[in-house]
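Residue numbers (this note's numbering): 1332 to 1462.
Quick reminder that beta carbons are idealized off the backbone N, C-alpha and C, glycines included.
All of these numbers come straight from a predicted model, not from anything done at the bench.
In structure tokens, the structure reads:
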């Protein structure tokens, strides 16, 4: 049975792969929830802010669906880092009247992904160290 915060990791072999997959899963679920709440809260705000939050929600929920079907966590990390960077750049440069809550969330996510997962082996939190 699939729990929302602990997905099935039987197809993954190593402890590090399972850790990276669970981290990607939980990040996507939490971001889906956060951006869903932000898009509902921003209904009475300007339309561009609500659309930005809805796009972020769709990206997050798409990532959850891809993870559920394929277990390809590294693709999701690259996907989130690239789309998050593009969304933060777009929103920061073109939407000057909105409060940038989502942009800060994406920037924190991008930094977390690059430090902990996509870094060189031996330099990340979930990467193996070579002795």
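Any chain C beta carbon closer than 9 Å to residue i
| i | result |
| --- | --- |
| residue 1366 | In the structure shown, chain C cannot be found, because there is only a single protein chain. |
Collapsed DSSP secondary structure at residue i in the structure displayed
| i | result |
| --- | --- |
| residue 1401 | helix |
| residue 1434 | helix |
| residue 1342 | coil |
| residue 1426 | coil |
| residue 1366 | helix |
Inter-residue spacing [alpha-carbon to alpha-carbon] between residue i and residue j
| i | j | result |
| --- | --- | --- |
| residue 1438 | residue 1409 | 14 Å |
| residue 1374 | residue 1381 | 6 Å |
| residue 1288 | residue 1419 | With the chain represented from 1332 up to 1462, any question about residue 1288 goes unanswered, as that position is not in the structure. |
| residue 1417 | residue 1343 | 30 Å |
| residue 1345 | residue 1355 | 16 Å |
| residue 1423 | residue 1441 | 15 Å |
| residue 1337 | residue 1400 | 15 Å |
| residue 1365 | residue 1376 | 17 Å |
Residues near residue i by beta carbon distance below 7 Å, same chain, minus five either side
| i | result |
| --- | --- |
| residue 1367 | 1388 |
| residue 1340 | 1349, 1352, 1353 |
| residue 1395 | 1359, 1360, 1363 |
| residue 1332 | Low local confidence applies: a pLDDT of 45 at residue 1332 is under 50, so the model's placement there is unreliable, with the coordinate-based value given in what follows. Here the set comprises nothing. |
| residue 1411 | 1394, 1440, 1444 |
| residue 1421 | none |
Residue i versus the options, residue with shortest Cα-Cα distance
| i | options | result |
| --- | --- | --- |
| residue 1444 | 1371, 1336, 1414, 1340 | 1414 |
| residue 1350 | 1418, 1403, 1442 | 1403 |
| residue 1435 | 1384, 1354, 1399 | 1384 |
| residue 1386 | 1334, 1441, 1401, 1369 | 1369 |
| residue 1335 | 1345, 1424, 1357, 1347 | 1357 |
Own chain partners of residue i with C-beta closer than 6 Å, once the 5 adjacent residues on each side are dropped
| i | result |
| --- | --- |
| residue 1362 | 1391 |
| residue 1426 | 1379 |
Contact set for residue i: own chain, Cβ-Cβ below 8 Å, skip 5 residues either direction
| i | result |
| --- | --- |
| residue 1406 | 1397 |
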